[in-house]
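Reviewing the structure listed below.
Number of protein chains: 2
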Amino acid sequence: MPTIQDIENAYERIRPFIHRTSVLTNASLNESSGAELFFKCENFQKAGSFKIRGATNTVLQLTQKELDCGIATASSGNHGAALSMAVRNRGGKTKVVMPNNTPKIKVDNVERNGGEIIWCEPAQKSRELVLKELLAETGAVLVHPYNDDRIIAGQGTAALELLEDYPDLDTIVSPVSGGGLLSGTLCSSKEMKKEILVYGAEPAEADDAYRSLQLGEIQVNQTTNTICDGLRAQIGSVTFPIIKEKVDGIIIVTENEIINSMRMIWERMKIIIEPSSTITLAAILKRKELFKGQKVGLILSGGNVDLTKLPF
Amino acid sequence: MPTIQDIENAYERIRPFIHRTSVLTNASLNESSGAELFFKCENFQKAGSFKIRGATNTVLQLTQKELDCGIATASSGNHGAALSMAVRNRGGKTKVVMPNNTPKIKVDNVERNGGEIIWCEPAQKSRELVLKELLAETGAVLVHPYNDDRIIAGQGTAALELLEDYPDLDTIVSPVSGGGLLSGTLCSSKEMKKEILVYGAEPAEADDAYRSLQLGEIQVNQTTNTICDGLRAQIGSVTFPIIKEKVDGIIIVTENEIINSMRMIWERMKIIIEPSSTITLAAILKRKELFKGQKVGLILSGGNVDLTKLPF
Numbered sequence: 323m324p325t326i327q328d329i330e331n332a333y334e335r336i337r338p339f340i341h342r343t344s345v346l347t348n349a350s351l352n353e354s355s356g357a358e359l360f361f362k363c364e365n366f367q368k369a370g371s372f373k374i375r376g377a378t379n380t381v382l383q384l385t386q387k388e389l390d391c392g393i394a395t396a397s398s399g400n401h402g403a404a405l406s407m408a409v410r411n412r413g414g415k416t417k418v419v420m421p422n423n424t425p426k427i428k429v430d431n432v433e434r435n436g437g438e439i440i441w442c443e444p445a446q447k448s449r450e451l452v453l454k455e456l457l458a459e460t461g462a463v464l465v466h467p468y469n470d471d472r473i474i475a476g477q478g479t480a481a482l483e484l485l486e487d488y489p490d491l492d493t494i495v496s497p498v499s500g501g502g503l504l505s506g507t508l509c510s511s512k513e514m515k516k517e518i519l520v521y522g523a524e525p526a527e528a529d530d531a532y533r534s535l536q537l538g539e540i541q542v543n544q545t546t547n548t549i550c551d552g553l554r555a556q557i558g559s560v561t562f563p564i565i566k567e568k569v570d571g572i573i574i575v576t577e578n579e580i581i582n583s584m585r586m587i588w589e590r591m592k593i594i595i596e597p598s599s600t601i602t603l604a605a606i607l608k609r610k611e612l613f614k615g616q617k618v619g620l621i622l623s624g625g626n627v628d629l630t631k632l633p634f
Numbered sequence: 323m324p325t326i327q328d329i330e331n332a333y334e335r336i337r338p339f340i341h342r343t344s345v346l347t348n349a350s351l352n353e354s355s356g357a358e359l360f361f362k363c364e365n366f367q368k369a370g371s372f373k374i375r376g377a378t379n380t381v382l383q384l385t386q387k388e389l390d391c392g393i394a395t396a397s398s399g400n401h402g403a404a405l406s407m408a409v410r411n412r413g414g415k416t417k418v419v420m421p422n423n424t425p426k427i428k429v430d431n432v433e434r435n436g437g438e439i440i441w442c443e444p445a446q447k448s449r450e451l452v453l454k455e456l457l458a459e460t461g462a463v464l465v466h467p468y469n470d471d472r473i474i475a476g477q478g479t480a481a482l483e484l485l486e487d488y489p490d491l492d493t494i495v496s497p498v499s500g501g502g503l504l505s506g507t508l509c510s511s512k513e514m515k516k517e518i519l520v521y522g523a524e525p526a527e528a529d530d531a532y533r534s535l536q537l538g539e540i541q542v543n544q545t546t547n548t549i550c551d552g553l554r555a556q557i558g559s560v561t562f563p564i565i566k567e568k569v570d571g572i573i574i575v576t577e578n579e580i581i582n583s584m585r586m587i588w589e590r591m592k593i594i595i596e597p598s599s600t601i602t603l604a605a606i607l608k609r610k611e612l613f614k615g616q617k618v619g620l621i622l623s624g625g626n627v628d629l630t631k632l633p634f
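So the sequence lines, in the order shown, correspond to chains C and L.
The numbering used here applies: residue 323 is where the first sequence begins, and numbers increase by one.
The numbering used here applies: residue 323 is where the second sequence begins, and numbers increase by one.
Below, the structure is given as structure tokens:
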């Protein structure tokens with residue numbers, strides 16, 4: 323489990339390669355939620371999501387020999403693009419195993435950053451199989467999207483910046499998928515401020531983290547039939563223990579709640595964020611009693627949306 | 323014609339009621355344009371556009387007696403909403419004459435801010451007629467959307483903030499419709515920095531300002547068949563002389579160029595802005611040779627877009 327020192331080291335390491343993203347507020351959404359909301363805008367981040375933080379932190383720690391073997395990963399898109407960018411910054415090459423239902427904007431984003439795409443079926447099993455074959459055939463070095471302490475430490479720097487900017491936050495809400503962002507957020511924020519509460523927000527249609535937490539051990543997703551294309555991954559063996567130990571709860575929301583919150587943010591804040599990020603607002607609106615009167619940080623994880631396929 | 327002192331006074335007056343909006347940059351759009359671009363984000367402004375600046379500056383100078391008569395205007399939407407908000411802040415009421423093809427989000431925005439809508443046909447003549455009848459019947463006080471020195475001085479505060487933040491800009495590009503924003507921008511920026519260049523950007527489908535400038539006197543729009551619903555108004559008798567005296571040129575662009583630039587900004591900057599604002603980038607991309615290597619400020623005038631009717 324990354325320590326706060328690991329996360330501070332990660333921040334020093336990645337700083338020249340990332341944006342320190344803005345934190346926005348919105349009077350109208352404060353009114354709708356009954357809380358004071360602080361939106362950490364990782365949609366404005368390089369390559370369009372927070373993923374560049376963990377990817378950069380990991381890639382900068384690879385040896386030249388590892389880089390020369392080529393880098394590989396499996397990703398629904400944002401990690402693939404971020405990793406491709408981080409590897410290219412060091413002069414290397416990346417192969418990305420990607421589900422064949424990935425939105426075009428995320429495919430383009432990987433290719434624009436120099437990544438090569440290897441297609442797989444949407445199911446987790448197909449991802450794993452295709453990746454395993456790729457690693458065996460090419461000898462490439464795997465950089466996992468979340469199940470890796472270096473990735474977790476990198477993702478934890480988003481909450482670190484947020485709490486540096488707004489030290490009086492009471493609560494932080496982060497999306498949860500494989501668990502890299504949520505576990506990183508827990509590792510940084512709970513060390514920086516002991517009394518802070520941290521919740522995960524998860525689609526009911528891909529609720530493995532919620533059920534895993536309830537039962538105390540890892541459960542698999544029974545569906546991944548959610549508009550949140552960034553939240554279809556399976557909670558990891560490295561991330562889950564951190565979440566289990568530290569999280570204050572996981573809030574699950576329906577597809578309609580996610581779409582409604584997306585529209586609210588787009589219309590009122592005039593920013594473009596993914597459904598996988600708007601889920602944080604959906605969770606707050608669903609469980610208003612948990613957040614009433616509090617200062618709440620929301621990590622808006624990314625902004626890579628296919629504009630020709632909006633849900634409204 | 324407002325002096326720089328008028329604009330500074332306006333700024334002091336309206337400051338408590340507006341946002342000082344952020345200025346964003348984007349490496350990828352710099353690369354596409356060959357210039358260094360600074361986007362003044364009035365889409366994040368109160369009521370969703372720069373219009374609150376001029377409306378507030380005007381309303382704060384009305385007498386209580388004038389307010390008690392009720393306030394009226396004709397507007398494609400953004401001025402109507404802004405005026406309704408500014409008038410409500412002083413406890414008054416506003417009637418807004420609005421074309422019946424106005425996007426729903428702009429209609430809702432007027433109503434949410436307490437304005438009452440009076441419908442007219444899209445043509446300028448219908449607007450004028452309905453407004454004239456309204457004023458005669460109700461005795462309401464007109465706050466014109468642009469043909470008024472108080473409005474122009476208010477709109478000039480956007481460029482004032484922009485040049486305070488980035489004094490080394492070489493050029494500013496502003497949309498032009500009735501001419502309030504462009505003439506205000508000219509009045510502030512040319513006084514703050516003598517050598518600055520200022521261009522207007524106008525749809526070819528509503529090119530009255532461009533033709534008026536060429537012929538040296540006001541011409542009327544022959545069509546207003548543009549996606550830029552905020553740029554269908556007619557250049558004014560107060561705004562045109564300022565533009566004629568001070569502007570360095572008006573660049574007209576096609577509907578396709580506007581839509582392409584909109585998609586570029588949405589996808590790369592992750593912000594929601596109106597077609598009426600993206601036209602500034604379209605103008606720069608069309609006339610790259612004018613802007614090559616320069617530091618260019620773009621006034622992104624507003625973000626009120628109907629998300630169910632996107633052109634892509």
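Every residue, glycine too, gets a C-beta built ideally from N, C-alpha and C.
Please tell me whether Met514/L and Leu346/L are closer than 8 angstroms, where the distance is taken between their beta carbons. no
Quick check on DSSP: helix, strand or coil for Tyr532/L? Reduced to three states, the DSSP call for Tyr532/L is helix.
Residues of the segment 576-587 of chain L whose Cβ lies closer than 7 angstroms to any Cβ of chain C, in chain order: Residues Arg585.
Mind checking who Gly522/C pairs with in its DSSP beta bridge? Ser496/C and Ile572/C
Report yes if the C-beta distance between Thr493/C and Val575/C is below 8 angstroms; otherwise report no. no
The segment 356-369 of chain C contacting the segment 416-428 of chain C, beta-carbon criterion three pairs below 8 angstroms: Counting Cβ pairs under 8 angstroms, fewer than three are found: no touch.
So with CB distances below 8 angstroms, who are the chain L contacts of Gly506/C? The contacting residues do not exist; Gly506/C stays about 22 angstroms from chain L at best.
Please list, in chain order, the residues of the segment 352-367 of chain C that have any C-beta partner in chain L closer than 7 angstroms. Among the residues of the segment 352-367 of chain C, those with a Cβ less than 7 angstroms away from any Cβ of chain L are Asn365 and Phe366, in the order of the chain.
Please return the same chain residues whose Cβ sits closer than 8 angstroms to the Cβ of His341/C, not counting the five positions on each side in sequence. For His341/C, same chain residues with a beta-carbon under 8 angstroms away, outside a window of 5 residues either side, are Phe366, Gln367 and Lys368 in chain order.
Buried versus exposed, by CB contacts within 10 Å (16 or more), Thr460/L: Burial call: exposed.
Using 8 angstroms as the limit for Cβ to Cβ distance, is Lys592/L near chain C? yes
Starting from Leu629/C, find everything on chain L with Cβ-Cβ shorter than 8 angstroms and list it in chain order. Arg585, Trp588, Glu589, Leu632 and Phe634
Out of Tyr521/C, Lys387/C and Ala394/C, state which residue places its alpha-carbon closest to the alpha-carbon of Arg609/C. Tyr521/C
Contact criterion: CB-CB distance below 8 angstroms. Does Ile326/L meet it with respect to chain C? It does not; no Cβ of chain C falls within 8 angstroms.
Would Glu539/L be called buried (16 or more neighbouring beta carbons within 10 Å of its own) or exposed? exposed
Just reading off the beta strand (DSSP E) that Pro286/L is part of, what are its end residues? Since the displayed chain L opens at 323 and closes at 634, residue 286/L lies outside it and no answer follows.
N- and C-terminal bounds of the beta strand (DSSP E) containing Thr395/C: Ile393 to Ala396
Of the choices Asp628/C, Gly414/C, Gly399/C and Lys428/C, whose alpha-carbon is the least far from that of Leu382/C? Gly414/C
Interface residues of chain C around Ile427/L at Cβ under 9 angstroms? Glu589
Touching by the beta-carbon criterion (3+ pairs, under 8 angstroms), the segment 500-516 of chain L and the segment 468-488 of chain L: The count of Cβ pairs closer than 8 angstroms, one atom from the segment 500-516 of chain L and one from the segment 468-488 of chain L, reaches three, so the stretches are in contact.
Tell me the start and end of each unbroken alpha helix (DSSP H) in the segment 557-631 of chain C that is at least 4 residues and wholly inside, in chain order. Annotation note: the segment 557-631 of chain C contains the following uninterrupted alpha helix (DSSP H) runs of length 4 or greater, listed N- to C-terminal: 561-568, 577-591, 597-608 and 610-613.
Under a three-way DSSP split, which group does Ile439/C fall into? strand
8 angstroms Cβ cutoff, Gly625/C in contact with chain B: The question asks about chain B, but that chain is absent: this structure's protein chains are C and L.
Residues in the same chain with beta-carbon distance under 7 angstroms from Trp441/L, minus the five sequence neighbours each way, listed in chain order, please. Met420 and Asn422
Check whether Thr416/L and Gly502/L have beta carbons under 8 angstroms apart: No, they are not a contact pair.
Determine, using beta-carbon pairs with one atom in the segment 460-470 of chain L and one in the segment 429-436 of chain L, whether at least three such pairs fall under 8 angstroms. no
Mind pulling the chain C residues with CB within less than 7 angstroms of Gly476/L? Near Gly476/L there are no residues of chain C at all, since even the closest Cβ is about 21 angstroms away, more than 7 angstroms.
Cut-off 7 angstroms between Cβ atoms - residues of its own chain near Leu464/L, not counting five sequence neighbours on either side: Ala394, Thr395 and Leu457
To which residues of the same chain is Thr380/C closer than 6 angstroms at the C-beta, ignoring the five residues directly before and after it? Val465, Arg472 and Ile473
Check whether chain C comes within 8 angstroms of Gly571/L, counting only Cβ atoms and requiring the distance to be less than that. Taking 8 angstroms as the threshold, the shortest C-beta distance from Gly571/L to chain C does not fall below it.
Return the CA-CA distance between Leu384/L and Ala408/L, expressed in angstroms with no decimal places. 11 angstroms
Give the straight-line distance between the Cα atoms of Thr600/L and Ile594/L, rounded to the nearest whole angstrom. 10 angstroms
I'd like to confirm something about Gly501/C: is its beta-carbon nearer than 7 angstroms to some heavy atom of the ligand FMN, or not? Among the ligands in the structure shown, none appear at all, so the ligand FMN cannot be discussed.
Does the CB of Gly399/L have a neighbour CB from chain C at under 8 angstroms? So no, Gly399/L is outside the interface.
Could you compute how far the alpha carbon of Gly558/L sits from the alpha carbon of Ile580/C? 45 angstroms
Measure the CB-CB distance between Ile637/C and Gly476/C and report whether it falls below 8 angstroms. The question about residue 637/C has no answer, for chain C in this structure spans 323 to 634.
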